[in-house]
Structures are given as C-alpha cells and as structure tokens.
Amino acid sequence: MKATCWMGRNTVEVVDVPDPKILDERDAIIRITSTAICGSDLHLYDGYVPEMKRGDILGHEFMGEVVETGKGVGNLSVGDRVVVPFPIACGACEQCRNGMTSVCENSNPNSGMAEKLWGHATSGIFGYSHLTGGFAGGQAEYARVPFADVGPMKVPSSLTDEQVLFLTDVFPTGYMGAEMCDISPGDTVAIWGAGPVGQFAAASAALLGAHRVVVIDRFDYRLDIVARHTGAQTLNYEQVDVRDALQEITAGRGPDAVIDCVGLEAHHPNAALHTYDRVKQATRAESDRGHSLRQMITSVRNGGVVSIVGVYGGFVDKFPIGSLMNRSLTVRTGQTHVHRYQHGLLARIERGEIDPSFIVTHRASLSDAPAMYETFKNKRDDCLKVVLTP
Amino acid sequence: MTTSAVLARGLGLASLALGVPQVAAPDRFAEAVGAQPTPQARDLTIGIGIRELSAAAGLLTRGSSPTWLWSRVAGDVMDLVLLGRALRGGARGRTVAATVAVAGLTAVDLRAARRSGRGRPPTSSSAPSASGAASAPGPSASSSSSSSSGSDLELTAAVTVARSPQEVYDFWRGLERLPSFMWHLQSVEWVGEGRTRWTAQAPVKKSVTWEAELVEDVPGEVIAWRSLPGADIDNSGSVRFREAPAGRGTEVRVHIRYALPGGRAGALVARLAGEEPHQQVEDDLRRFKQVIETGAVVRSEGSPEGPSARRQLLQHPGSPSAGT
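Going down the list, the sequences are from chains A and B.
Under numbering that gives the first Met the number 0, the letters of the first sequence match residues 0 to 389, in that order.
Under numbering that gives the first Met the number 0, the letters of the second sequence match residues 0 to 323, in that order.
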C-alpha cells in the first residue's frame, strides 16, 4: 500500500510499504477514505518530537471502512464506516475506566521509553513517534487499529467524511480545551492560536455558554475564519499588545479562562525575544518555546483557569510559576481523551449544532502529502486544514 | 559531596567538554589548538576525544575513583608530548596557549589524583554492582529495584492491576501461564505434589531446567516458591497480592532472589536476567498487567514483540514490515 512516511527532518515521502495485518484478535484493519494532516504532525515534520525513526508512517486523524476484524472485535463488521480516535486505549485499565483514555496504562508498548522523559507514560498514539508506542499511522491506504472493540466509532451515512473526520482529534481537542475551563455564565475565554484546534475551541466555548470568546493569532485569514464561523472576537498579536487588549475588553479583570491551542512552536511578535527561544531550542537548551504559555498565564484573571491542549514535548524555559502560584490559577491539560467525547460531539453534529467541515481549506490526493506538508507548515495559500484521500 | 568529589566531577565535565568537539569536529579542534589539519591529526584528535569521553564517563559515574583520576594525568602527559611536537610548526601562538592550558589542567589532575590516592590505592576500586543502575523511574503504576548483597541478586518490582486480589492470585497460581509474560521462561509444568519444573532460556540456544516447590500458598494473598536441591540456579521468590485502596484493583509485589555462586552459573543468571535484571522484571510486570487486563501482550509496529527494554533501544520503524 501507499503510505506517508517520515524520512527525516522536513522530509516526508509517499512510499510503498507492506499492507498491515491483524496482529492481535482485538485488531481491525481499516481501508482509509479520508485522512488529515494535524498541526501536531508539523512538530514531527520539523523535528521537535524525539524518537522518530526513518520510515515511520505518519497520521493520527483518519477514518474509513472496516475491511477485516480479529475475532475479539464483536462490535464491528466488515463494511462499517468508522472514525478512529487518535489515542489507542485498552478500555480495561483504571485510567480507561475513568475516561482518561489518552493515559491508558496498557496501550503503549514503549512506556519504559516515555517514563525516562516524562516520569510516567501516556497511551499509544497512531503515527506519533516511538515515545507513544511506535504505531504505524493513518496517512496511508490502510491502517491496523489495535483495541478496535474500544476506539472506532460508527458514523451514519448521512454525514460526509469531512463532517465527521475531525472527531478523531481536533474537534474533541478543542472541545476538551473549552470544557476544562468550567465555563460559567458571563465568562470571557481567550484562546491562543486560530489553527484547527483553536477554531474548535472557540466554537466549543460558544457552545458551552461563554459570554465572550477572544481568539489570538497573527494570520488574519485564520482570524477571519474563526470570527465568521464562531462569532469570536479576534486579536492579531503582531498588531496589538495582547495583554493590554484583553484588559481593555474585560475592563481590567482579565479573561476568566485561557486556552493554549499553540504548543511548542510558538512565535513572539518581538523578533529578539522570538530569536532568544528559537536559539535555545535549536541548541537543545530548551525543547519547547513558551511564548504563548507565558502570555496566557500572565493574562488570565486571578483565580482563572489555564487550559493547555497545544502539544508540548519536554521543557519550557522562563516558566512564570510566580504568577501562576501567587494568583491562585488552575492549570488543566492533557492529550485529548477522545473516546470520552466522540459520541456526544457526533450527536451535536447530527443535530446541526456545528458542521466541522468549515475548517477544510485544502483537499488533495494522498500522493500529494509532501507538498501539502510544506503548504500547511508555511501557511501558504491561506491553508488551515488539509484533507488527503488515498 | 566532599571537595575531592566536587573536583572529580568538575574534571569529568571538563573531559566531556573537550571530548565532544574532538569527536564531533576533529578538524576544527585541531586547528583551534594550532595543529596542522592533516588526516593524521584528525585521527589522533578523534582518539583523544574518545579517551576524554571515557574519562568523563568514568569520573561522572564513579566519582573520585583514583583509577580514573590517574588516567587523566596519563592523558595530560600524552597531550603535552603531542603539543610539544606541534610547537615545531604551524600556528605557534595557539599551540603555546593550548600547552599552557593543558599544563594547568595537569596540575589540577595531579592534585586530585594524589588526594584520591590517600588511603585508597588505585587498584582497590570497589566492585561494581547492579544496584547503582536502578535510577530510572519504574513503570506506570509500578515500581522496581534490584540490589546485590553478598552472592545473592535480589529483585523487587510492583504493579497495580484492575482486578480483585483473588482473580490476580488465580491467574498467577496457574504457573504454567507465566511464560506468556515472563519471556526468559520457556515453560513451567506441574509435576505433582506441589512441585513444578521450570525451563528457561540459556546462552547458546540451550535451556536450563530446575524443579521448585511452593513454600507458601494463600489464596488471594501470596504465592512463594524456592528451587529444590540440585538446581543449576538456586532461586526463590514470592508474589504478594493486596487490595489497592478504594477500588484501585490489586497491588502485586514480586520479590525474586537468585543465588550467584559465581562462575558458570553466575554468568548464566546474568544472561538469563539480561544486562539489567530489574528492567526485565519491570517488563515482565508490564506484560503481566497487559495480559490480565486486556487479554494479550500489546504489540506495535515499532515493538512487534511487545514491551521490552531491549527492543526500545532497537525500534523497528512504525510501519508494517514483512516481519509483522
């Protein structure tokens, strides 16, 4: 089959690899009909996530048709159309039973590797480095899905691929980012990053009853999309001082909650400050750039919530712990427990409360993946989301 | 930390700082100290770099061991000789500077080595033990450690599984199932009267066998065993089950002791247990948790056999291969 493989920093190639086979009786094989490039795939592409191997198949946002099931998969039949959550979860351990599927205790066979970096391991994740298990990803024609009796969710034929594809990651991720804010009536929620996750965080904050949503980015085309589709107010951080603007909007209180939808490759409008972190990152003096995180923490109101769903890998320098501690802030974060959200969010789509396909700007064939990675990375051609079809 | 330990650590870091550029960019390093950038100088620089890195490894892990400190003094003398030769040609100013710097370092090294030597001759470095390596955190929801005292190797590890103590006990009590998650075991068979025959992998594709008896067996609480006289490897162990607080399942604590009489059997045990015996027990318990909670060892394209410390060092690409 054809698969999009990581071949080194800034290099992906679509190559022929063997078709996946059932390895365990709880596996299923999916013929992929749509697969997306995630912003977090760019962290792998840019070489910021450790433990990638040449030849790793990328991709953790994919859906398709079941073509084979192991004998332990009683809930799926050949021909079922399913979306596949990006974390792999066993459904049986204590964390899974508590709904914390992205920290499943069993699904990462390389947990020893992750423990050396993080102290404890996360779940396995499709196509997302060997720290999360070394699983083959879904930017391919087929994928093996472990614990297929737990993860894949059947979707109705009345909805198109583009309407349900983002249930695999970015919609639940934005939703969890907003849900962790414990939004109360009257709350202002500020969101850093107007990429796909930021778009869904804004939409979800509105669905969850936020009084006002403010989204911060430096690309006007992305801010235009979020304003148009979610009703959010927008700030271009290259044009305004974000903290001053948020103080103005909230009459000096600061936003009640802030959501990080940026992660480890943040930018800073001041070239010197940006360069400072960029150099530290390049020399491995820090692994993650913390511009957004620092600004979020100092911007949120006293007693507010800092919700982090943007991806970080290791260590951030100059972390404002003093502001965090002295001002009674709460930090909530995590890789998304997709299994917990997918059914409820599918219901919202079916009820017409949201149509997630609004983020798609680019549609291409799987064989165009290398060019699409470049387009997405460099925000060329007003790119917000790429969907590939094998 | 004592003064000499601090000094040894500083020298270790200095060795590291020198060794890395020597190995990574030998040409530029040679140029920087005023040597001619010849292929010969390049090989020599890499060689010296490797020496510095091994000294760094020794000093940073073994502290103020006299052996490593004296090895640095010997290295300094070698460097001074080489720099003396370089003084005859090339960029003399740089070479003089480098020579002065090395002479200064030699003085520090000599002082450290002589201090460390007091009351502790270089030949009596303490015996290495497996225990020092157990610094990495244990597996999720589990912990482990190893220690060797006298001629015994003791391993402990623990894991929490989402089952009742009775269920976990029952699973473990079917001893013949142990090889499904303890990979060094080939088989465990019941041979009557509470006795079992264990067959384990041994070097060069052979296997070793021993018989064991249960010495304690309390349903839902504990299983303990020991090998019978005549075993190639005298060993004993226990696994204890205790209800974890507030519905968190069962805490499983394993304690294994191998007698290490040295010689052939000792080497055998080392191989059986792998380079890091405690890692093997950790892996055993990770797989045990997977088998009892999910029904099978969890495999990925990168780790096609499932969790294994050794495989984590030698990952397959995350892509289906002819092998998987």
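Where is the CB? At the ideal position from N, CA and C, for every residue including glycine.
| Asked | Found |
| --- | --- |
| Distance between beta carbons of G317(B) and F134(A), contact taken as under 8 Å | 6 Å |
| Whole-number beta carbon distance between M62(A) and L345(A), since they are thought to touch under 8 Å | 12 Å between Cβ atoms; not a contact. |
| Close-in-space but distant-in-sequence residues of the same chain around L79(B) (CB under 8 Å, 5 per side omitted) | T98, V101, A102 and T105 |
| Which of helix, strand or coil DSSP assigns to N377(A) | coil |
| Length of the line joining the Cα atoms of L12(B) and D26(B) | 22 Å |
| Simplified DSSP assignment, three categories, for G253(A) | coil |
| Contact with chain A by E281(B), beta-carbon distance below 8 Å | yes |
| Contacting positions in the region 32 to 64 of chain A - beta carbon closer than 8 Å to chain B | E50, K52, R53, G54, D55 and I56 |
| Segment contact flag, the region 247 to 264 of chain A with the region 192 to 203 of chain A, C-beta cutoff 8 Å, min 3 pairs | yes |
| K20(A) classed as buried or exposed, judged by whether at least 16 other C-beta atoms fall within 10 angstroms | exposed |
| Beta carbon proximity, P86(A) to chain B, threshold 8 Å | no |
| Bridge partners - I353(A), DSSP secondary structure assignment | DSSP output for I353(A) lists no bridge partner at all. |
| Rounded separation between M77(B) and G321(A) - CA only | 52 Å |
| Contact set between A135(A) and chain B, taken where Cβ atoms lie within less than 7 Å | E300, G317, S318 and P319 |
| Contacting residues, own chain, Cβ-Cβ under 8 Å from S128(A) (five flanking each side not counted) | L43, V48, P49, E50, M51 and D55 |
| Any chain A beta carbon closer than 8 Å to Q200(B) | no |
| Segment contact, 8 Å Cβ cut-off, at least three pairs: the region 141 to 152 of chain A with the region 88 to 104 of chain A | yes |
| CA-to-CA distance, W197(B) to T249(B), given in whole angstroms | 26 Å |
| Neighbour list for V112(A) in chain B, Cβ cutoff strictly below 8 Å | Reading the sequence as shown, one finds Met at residue 112(A) and not Val. Within chain B, the residues near M112(A) are Q311. |
| Cβ of Q289(B) within 8 Å of any chain D Cβ | Reference to chain D is not applicable here, since the protein chains of this structure are A and B. |
| Contact list for V253(B) against chain A, beta-carbon separation under 9 Å | The premise fails here: V253(B) is roughly 17 Å from chain A at the closest Cβ pair, so nothing lies under 9 Å. |
| Candidates P319(B), L6(B) and R93(B): closest to G33(B) by CA position | R93(B) |
| Helix, strand or coil at C95(A) [DSSP, three-state] | helix |
| Nonlocal neighbours in the same chain, by C-beta distance under 7 Å from S327(A), ignoring five residues either side | N301 and G302 |
| Nearest residue (CA-CA) to M175(A), options G118(A), V163(A), V77(A) and S101(A) | S101(A) |
| Three-state class that DSSP yields for Q165(B) in the structure shown | helix |
| The region 152 to 167 of chain B in contact with the region 286 to 300 of chain B per 3-pair CB rule at 8 Å | yes |
| Three-state secondary structure (DSSP) of S128(B) | Here the model assigns S128(B) a pLDDT of 33, short of 50, so the residue's position is not dependable and the matter cannot be decided. |
| Buried versus exposed, by CB contacts within 10 Å (16 or more), V217(B) | exposed |
| Minimum Cβ-Cβ distance from R27(B) to chain A less than 8 Å | no |
| Euclidean distance between Cα positions of V297(B) and V214(A) | 41 Å |
| Straight-line gap, R110(B) to M181(B) (C-alpha atoms, nearest Å) | 51 Å |
| I87(A) to R96(A) span [Cα, whole Å] | 14 Å |
| C-alpha gap between L227(B) and W209(B), whole angstroms | 7 Å |
| Bridge partners - A27(A), DSSP secondary structure assignment | T68(A) and V144(A) |
| Segment contact flag, the region 20 to 34 of chain A with the region 98 to 114 of chain A, C-beta cutoff 8 Å, min 3 pairs | no |
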